[in-house]
Each structure stands twice: as C-alpha cells, then as structure tokens.
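Novice: Before we start, here is the structure in question, set down as structure tokens.
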Amino acid sequence: MTDVEELKGLVVADELADELHSITKDPNTLNRETLEAAAQGIETISNFAVQDKRIAEGMVQVISNILDINDTVTQQDENSTFAELSKNLLQIVDDFASNVALKPGESLNVTSPNIRIQSMDWSPAIGNETEVQHLKFTAPKDRGDQSEISTTQPTEIEASTESSVGSTRPPERQKVPMVQVFVPKEALQEAHRQMEGSVRVKFVVYYNDKLFQSKKLNLPDNDLNQQEQENAAGASTSLKLKKSKDEPDFKAPVLQISVGNVTLKNMNKPLIYILPLKTKRNVLCVYWNEKDRRWSAEGLTTNHTKNYVICQSTHMTAFSVLLDVTPRAPKDKTHESILSIISYVGSILSIIGLSLTIITYVLFGCLNRDHPGKILANLCLSLLLMNVTFLIEALNPVVGGNACAVVALLLHYFVLTSLSWMCVEAINMYQLLVHVFASSETRFMLKRCCFAWGAPLIIVALTASFRLDAYFKGLQ
Numbered sequence: 001m002t003d004v005e006e007l008k009g010l011v012v013a014d015e016l017a018d019e020l021h022s023i024t025k026d027p028n029t030l031n032r033e034t035l036e037a038a039a040q041g042i043e044t045i046s047n048f049a050v051q052d053k054r055i056a057e058g059m060v061q062v063i064s065n066i067l068d069i070n071d072t073v074t075q076q077d078e079n080s081t082f083a084e085l086s087k088n089l090l091q092i093v094d095d096f097a098s099n100v101a102l103k104p105g106e107s108l109n110v111t112s113p114n115i116r117i118q119s120m121d122w123s124p125a126i127g128n129e130t131e132v133q134h135l136k137f138t139a140p141k142d143r144g145d146q147s148e149i150s151t152t153q154p155t156e157i158e159a160s161t162e163s164s165v166g167s168t169r170p171p172e173r174q175k176v177p178m179v180q181v182f183v184p185k186e187a188l189q190e191a192h193r194q195m196e197g198s199v200r201v202k203f204v205v206y207y208n209d210k211l212f213q214s215k216k217l218n219l220p221d222n223d224l225n226q227q228e229q230e231n232a233a234g235a236s237t238s239l240k241l242k243k244s245k246d247e248p249d250f251k252a253p254v255l256q257i258s259v260g261n262v263t264l265k266n267m268n269k270p271l272i273y274i275l276p277l278k279t280k281r282n283v284l285c286v287y288w289n290e291k292d293r294r295w296s297a298e299g300l301t302t303n304h305t306k307n308y309v310i311c312q313s314t315h316m317t318a319f320s321v322l323l324d325v326t327p328r329a330p331k332d333k334t335h336e337s338i339l340s341i342i343s344y345v346g347s348i349l350s351i352i353g354l355s356l357t358i359i360t361y362v363l364f365g366c367l368n369r370d371h372p373g374k375i376l377a378n379l380c381l382s383l384l385l386m387n388v389t390f391l392i393e394a395l396n397p398v399v400g401g402n403a404c405a406v407v408a409l410l411l412h413y414f415v416l417t418s419l420s421w422m423c424v425e426a427i428n429m430y431q432l433l434v435h436v437f438a439s440s441e442t443r444f445m446l447k448r449c450c451f452a453w454g455a456p457l458i459i460v461a462l463t464a465s466f467r468l469d470a471y472f473k474g475l476q
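Mapping to the UniProt record's numbering: the sequence shown position 97 is 97, numbers consecutive.
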C-alpha cells in the first residue's frame, strides 16, 4: 500500500468512525441490524486504529456506545447475534491493544465512558531491577479519567494488601476509588523469555459487563463448580450484584489484563486484584472461561472485608468477582445474642435431661435388660456427647488451633452417631409394632453398635484423611 492509499484509508476510516458514532450514540436505536452494521464498520476501522490515535479513539467510542445497549435487546437475543458480536468486539479490542504501534517503554491510553484501554511495551530492564516486584495498574472503579501503570516495591504491595484485608492502618485516601492490579515480575520475565523480545502489557477496563454475558453459572454449596480451564494470556474481572432491598444495585468494572500472547499458569507469586467495595453480601472471585462463556472459581482465592475485595490467582486467564447466589442477610446483634442464649440454655437442659436418663438406666437394671432399653441408652449417650461437644465448640474464641479442629471432628462424629442410633431405634420400633411374632437374632446389640458407632467413625476418618483442612476452615 502506497503512502497516498494509506492516507486515503485513514481518512475513510476516520469518517466511518464518525458515522458509526452518530448511529450508535442513542442506545434506544440499537437493534440487531444496527449492531451488525456497527460490527462490520468497527472491524474495518480496527485495521487503521493501530496507526492513528484519533481513529483509535473513534473506534473505542463506538464500542462504548454499544455497551450502553438496553438489557432487553441482549435478553431477547434469540439468534445469539449479540453473543457473537461480543466475542468479536473482545477480540478486536485485544488485537488493537496487542498491535498498536508503540516504542519500547512507551504506553498508549485510550478512554471513553464505558471502556478504557492502556497498552505498553514492557522494557526488559525492569526484570533486572531486583527491588521491583510487580507491575501495578490503577484505574477508577467508576467512570473517570485517571489511570496509571507503574512498578512497585515489595513494601508497597504489602501495604496495599494489608490495609485492604483489614490492617489497623487505613488505606491510602483517594478522591476517586481506584481498582488496583499487581502483575508479578515473574509473569513479565516468563513472557519475555517465551517471546524473546519486548512484552506487550495490556490493560482494558469495561465499565459494564454487557460483553461478558454468561450462558451458564453453577454455584453449588455457595461456591462455583471447579471446571477445566482454558488458560489464556489475559485476565478479566467484574462484579455482578443482584439488586437488594438492603443496598443499592452495584456494577463493578470488568478488567482484562494480558501479558504478551503467552500462556501463564502455576505462578509462584499470584496476580492480585483489589476492588474497593462496600457490601454486606458475599462475593466470589472467578475467571471468564471464553470457550464455555461462563465463570469459574478454579485457581482463585477470595478475601472480602468491609471495604475491599481482594482476588489472588496463580494463573492469568479471565477473572471476575460474583455475588454469592445465597447471600446471608445482615444479622441483628441483639437477635443473634438472644438466639445464642436460647441455644446454650437448650443444650444445657438437654444435657441435664440426658444425664438423668442415663443415670436412671444405670441404677435400675430392669430398664436396660431388653433391646429397646439398651438402644435408648446408647441414643441418649450419643446425644449427650453431641451436646457437650457443641457447647465446647461454642467456646471457639477460647479454644484454638489444633484443639479447635479436634472439636469440629468430634462434633461431626457425634452428629452422625446420633442419626445412626435414631435409625436403629426407628427400625427396632417398626419390627416391634409390625411383626407380630418376634424372631430370634444372635448378637443383636453387637451388630447395631458396630453400625451406629462404627460406620460414622469410618466416614469421619475418610473425611479427615482427604480434607483435614476442612475441620480447621469450618471454625475460622
């Protein structure tokens, strides 16, 4: 292509960007036909956007307009038109950030109301600075005009994380709440080693999640199903909160991070994402599975405090922070105290009653000569031990460490034994009431003791052998 042809192409692309902006600036006019026309135009513009910043800004503005599309249009997308458009737009944005012309160490920042793109060529010299540990990216949590890429010292990220997680030191006061991302130097060095040259670092912020509509979301047991991940060279983060009567509806940005076009996983130092967020509801860090178009929590850890959500990941792929589908309503401290007192009093009364029952059966041998009496005595003993263990567990602030885990293990065991003896009691009552003639059975109580005391022991032992840490986490 000659210089004249290239210049003509830039002029045409600039005019096309202005035209697309005019037809997409009103969200109410966006429909299937408009979206298809805009998608074709954006694809044409993207070829010239990597060379001219003005055209790049026009392209990003058009994409921003599309992100204002009404939810009704996406919800009625029976032919998956918007889903396919979303996939194409994400690819166009990633290609632009990867291929935009930059000199070593130079960065480009393109902003619009709904999307912000920042791209830079990472200098290998950073890898030789032993004190530099992370590449830090900051952007406004809400729409704004401040963003920055910088390197961090070890103490800086520790201070940011500690203050976020709940240190006594208050976090740095900022006029605009900032999203912070710390990319470990290890990831940059590994990308540089694989690419054998400069590393393109890309940060993209989407201020809504219209392009990340999940087809399926599995959240059993208050957690996301762990699923096989498609490792990529990027990371996306968003927060989706369902509207609540207790707090206003909230939308957090979707953040996409890429280090070169290489696969990065099993990193020793995690990628850390800190989101300023005040909510009483449970949230969960997840990543975006591009292949299945859904979110997964595999490889991510979540720390949620009063003012922050901190996500850590050992791989770089698509992230998010989602609302727990079974949120816990805020508890009134007075009601919680009253309920605790009722529980403790009930347990103490149960212990007294069960103790008196057991003592009565021990003192009067005529009561436990037959099978029903022996079964009832064992059931009372199991319930007594369960209630005693429960009261000890309630003193969790006093009992700590390994003792706390032992108490949790015993509570698990005695709950299972109590249920087992209830099962034995029910079966025995059925036999006594339904069967007219009793059948003789050898070693009657031995068999039932092996079942009611032994089976729970096997279950608890297997659980502890595979997931002993669960007994520690359960009481944290």
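Each residue gets a CB set at the ideal place from its N, CA and C atoms; glycine is no exception.
1) Give the DSSP-derived three-state secondary structure of His371 in the structure shown.
2) Looking at the secondary structure, which residues open and close the beta strand (DSSP E) in which Lys202 lies?
3) In the DSSP assignment, what are the bridge partners of Cys450?
4) For Pro248, which residues from the same chain have a beta carbon less than 6 Å from its beta carbon, with the 5 sequence-adjacent residues on both sides left out?
5) Within 10 angstroms of its Cβ, does Val407 collect 16 or more other Cβ (buried), or is it exposed?
6) Return the Cβ separation of Trp122 and Val201 in integer angstroms, given the expectation that the two are a contact with Cβ distance under 8 Å.
7) Tell me whether Asp419 sits in a helix, a strand or coil according to DSSP, three-state version.
8) Do Val60 and Ser112 count as a contact pair if the criterion is CB distance below 8 Å?
9) In the DSSP assignment, what are the bridge partners of residue 477?
10) Measure the CB-CB distance between Pro270 and Ser340 and report whether it falls below 8 Å.
11) Locate the beta strand (DSSP E) running through Asn289, then write down its first and last residues.
12) For Val338, does the count of other Cβ atoms within 10 angstroms reach 16, so buried, or fall short, so exposed?
13) Applying the criterion that 16 or more other CB atoms from any shown protein chain within 10 Å of the CB defines a buried residue, is Asn65 buried or exposed?
14) Confirm, please, whether the CB-CB distance from Pro372 to Thr417 is below 8 Å.
15) By the three-class DSSP mapping on this structure, what secondary structure does His435 have?
16) With which residues is Ile115 paired in a DSSP beta bridge?
17) With a threshold of 6 Å on Cβ separation, who are the neighbours of Glu57 within its own chain once the five nearest residues in sequence on each side are excluded?
18) Buried or exposed for Thr54, please, with buried defined as at least 16 other CB atoms from any protein chain shown within 10 angstroms of its CB.
19) Starting from Met120, follow its DSSP beta bridges and name the residues at the other end.
20) With 16 as the cutoff for other CB atoms within 10 Å, does Cys450 come out buried or exposed?
21) Exposed or buried, Ala101, counting other C-beta atoms within 10 Å across all chains shown (16 or more means buried)?
22) With distances taken Cα to Cα, identify the nearest neighbour of Asn47 among Thr34, Phe82, Val11, Asp209.
23) Measuring CB to CB, does Tyr287 end up less than 8 Å from Val181?
24) Determine whether the Cβ of Val434 lies closer than 8 Å to any Cβ atom of chain B.
25) What is the DSSP secondary structure of Asn99, reduced to helix, strand or coil?
26) For the beta strand (DSSP E) that Thr301 lies in, which residues bound it at each end?
27) Could you compute how far the alpha carbon of Ala468 sits from the alpha carbon of Val362?
28) Given a threshold of 16 other Cβ atoms within 10 Å of its Cβ, counted over all protein chains shown, does Ser420 qualify as buried or as exposed?
29) For Ser296, report the span of its beta strand (DSSP E) as first-last.
30) Can you tell me whether Asn70 is buried or exposed? The criterion is at least 16 other CB atoms within 10 Å of its CB, across all chains shown.
31) Helix, strand or coil for Ile427, going by three-state DSSP, please let me know.
32) DSSP three-state call for Ser258: helix, strand or coil?
33) For the alpha helix (DSSP H) containing Asn65, list its first residue and its last residue.
34) Around the C-beta of Phe414, are 16 or more other C-beta atoms found within 10 angstroms, so that it is buried, or is it exposed?
35) What whole-angstrom Cβ distance do Thr301 and Cys285 have, given they're in contact under 8 Å?
36) Shortest alpha-carbon distance to Asp209 belongs to which of Asn268, Trp295, Leu383, Ser119?
Specialist: Walking through what the data contain:
1) The answer is helix: DSSP assigns His371 an H, G or I state.
2) Unbroken beta strand (DSSP E) run through Lys202: 199-206.
3) Answer is none; Cys450 lacks a bridge partner.
4) Low per-residue confidence applies at Pro248: pLDDT is 38, beneath 50, and the placement is therefore not dependable enough to give any value.
5) buried
6) 5 Å
7) Per the sequence shown, the amino acid found at residue 419 is Leu instead of Asp. Here Leu419 sits in helix by DSSP.
8) In this structure, Ser112 sits near Val60, with a CB-CB distance shorter than 8 Å.
9) Nothing can be reported for residue 477, as the shown portion of the chain is limited to 1 through 476.
10) no
11) 283-289
12) In the sequence under discussion, the amino acid at residue 338 is Ile, which differs from the Val named in the question. So Ile338 ends up on the exposed side.
13) buried
14) Contact flag unset, no.
15) coil
16) Tyr206
17) Around Glu57: Val110.
18) Correcting the residue type first, residue 54 is Arg in the shown sequence and not Thr. Exposed is the call here.
19) Per DSSP, Ser107, Val201.
20) exposed
21) exposed
22) Val11
23) no
24) As a matter of chain content, chain B is missing from the structure shown, which is built from one protein chain.
25) helix
26) 300-304
27) A small correction: the amino acid at residue 468 is Leu; Ala does not occupy that position in the sequence shown. So the alpha carbons of these two residues sit roughly 37 Å apart.
28) By the 16-neighbour rule on beta-carbons within 10 angstroms, Ser420 is buried.
29) Where Ser296 is concerned, the enclosing beta strand (DSSP E) stretches over 294-296.
30) exposed
31) Correct three-state label for Ile427: helix.
32) Strand.
33) 53-66
34) buried
35) Correct: roughly 7 Å between the Cβ atoms.
36) The shortest C-alpha separation from Asp209 is found at Trp295.
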